[in-house]
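Contents: one structure, followed by commentary.
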Amino acid sequence: MAPPTDVHAMPPARGGVKLRSVGVSGIRKPLTVRRGGTSHVLAVTFQVAVDLPGDRKGSDLSRNAEILAEVVDHTATRPAPSLEAACSAIAEELLRRHAYATEASVEASAEYFLRQGISEEKRSYEDYTLLAAAHAVRDPQGKLARRRSVGAEAVGMTACPCAMETCRERLVEEYPLLADPQFRSMPMISHNQRNRTRLVFELDGDAEVEVEEVIAAIEAAQSSPTYAILKRGDEGQVVLSAHRHPKFVEDVVRDLLASLPQRFPAVPDPVSVLATTVSEESIHKYNVEASHRITFGELRHPASA
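Right, dumping it as structure tokens:
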């Protein structure tokens, strides 16, 4: 029996147009990662793709699923050193299996749990999101260039500084005692929002970062972390802490970026970071966002930024 016709390899009806990215998304796999002597099994959602030349009708999508299965299954006995390292291995294998492709991209997100709490006796597993990606490019001589990134998302809260000062001014009119200077530093009522902040490192060479340090940096930049387990007094503590540190989304991004050189002294100057934050507004019918990309060199030497 003759082999079936390879329709994917046929010329397209509308030829000559190279497509930058064709692939599959939403594939979930258990990936084993070993960091610091501890193994973690991550539930990862992958998106993988390669470019497609203009003389091919379609990409061989089944190869993408096969590569994911092989690389991920391999980690059950030989854990990956990191989520981004697994993405890099997948990107390289994509180019090896898709001989017609010159670019491969892999994006991954995973649930991650850390024992956190407002106090030691109330620590429990809080959920975060790990983020990783890899991009591989093959030049005409067959040499590969690689980029990889890693980061995290944490959910906390912010309190609006503008509404806080407006409330303070109005309450002073009602309660003149509040005009006393000793009350100027007292936290004031304001509207709060759930804040989602992401920090992603675009790594060069052998540079590495620990995701738990990334999460700590994010939570320190928000008005306050949030927790699953809070008793009545704990709720008051979180609210007071947030209102003692009111922040716009602009403040969250700036404070987060400013903290990075001290938190990550070993990260080289060429490494860039992308900070993105979204406040899910409580009194507005829209969300508020801010983001900024900058290198560690620019953070360490602000005059050049």
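Heads up, this note's numbering is the position in the sequence shown plus 1319, with the first residue counted as 1. Backbone N, C-alpha and C define an ideal beta-carbon position, used for all residues, glycine too. On a predicted model such as this, the values are computed, not experimentally measured, just so you know.
Enclosing beta strand (DSSP E) for residue i [first to last residue]
i       : result
Gln1512 : 1511-1522
Ala1427 : 1422-1435
Met1476 : 1463-1478
Val1633 : Because the chain here runs from 1320 to 1624, residue 1633 falls outside it and cannot be looked at.
Asp1446 : 1443-1457
Cutoff 7 Å; reference residue i; Cβ partners in own chain excluding five residues on either side
i       : result
Leu1387 : Ile1346, Lys1348, Phe1365, Val1367, Ile1409
Ile1602 : His1510
Inter-residue Cα distance where the pair is residue i and residue j
i       : j       : result
Ser1407 : Asp1458 : 17 Å
Arg1434 : Ile1548 : 12 Å
His1611 : Asp1574 : 12 Å
Val1336 : Leu1413 : 21 Å
Ser1540 : Ile1437 : What sits at residue 1540 in the sequence shown is Ala, not Ser. C-alpha separation (whole angstroms): 17 Å.
Thr1643 : Gly1524 : Given a span of 1320 to 1624 for the chain in the structure shown, any question on residue 1643 remains unanswerable.
Gly1373 : Ser1424 : 19 Å
Ala1624 : Cys1481 : The pLDDT assigned to Ala1624 is 47, lower than 50, so where the model puts this residue is not dependable; a value taken from the coordinates is nonetheless given after this. Spanning the two alpha carbons is a distance of roughly 28 Å.
Val1697 : Ala1471 : This structure does not reach residue 1697, given that the chain is present from 1320 up to 1624, and the question cannot be answered.
Asp1392 : Arg1551 : 46 Å
Sequence-distant residues of the same chain with beta carbon closer than 8 Å to residue i, five excluded per side
i       : result
Asn1606 : Val1597, Ser1598, Glu1599, Glu1600
Phe1615 : Leu1579, Pro1580, Phe1583, Val1586, Pro1587, Asp1588, Pro1589, Val1590, Ser1591, Val1592
Own chain, CB closer than 6 Å to residue i, minus 5 neighbours either side, in chain order
i       : result
Leu1593 : Val1519, Arg1612
Val1572 : Ala1594, Thr1596, Ala1609, His1611
Val1456 : Glu1422, Ala1464
Ala1399 : Val1352, Ala1405
The alpha helix (DSSP H) enclosing residue i, as first and last residue numbers
i       : result
Leu1402 : 1402-1416
Cβ-heavy atom distance, residue i to the ligand NAD, below 7 Å
i       : result
Arg1489 : Summarising the ligand content, the structure contains no ligands, and the ligand NAD is consequently not present.
query = Where are the beta strand (DSSP E) runs, 3 residues long or more, that stay fully inside the region 1533-1608, in chain order?
reply = 1591-1599
message = For the region 1444-1452 against the region 1423-1430, do three or more pairs of beta-carbon atoms, one drawn from each stretch, fall closer than 8 Å, so that the two count as touching?
response = Cβ pair count under 8 Å is three or more, so yes.
query = Is the region 1547-1561 touching the region 1492-1503, taking contact as three or more C-beta pairs under 8 Å?
reply = In this structure the region 1547-1561 does not touch the region 1492-1503; the number of beta carbon pairs closer than 8 Å is below three.
ask   = Looking at C-beta atoms only, is the number of pairs between the region 1558-1569 and the region 1577-1587 that lie closer than 8 Å three or more?
value = The region 1558-1569 is not in contact with the region 1577-1587.
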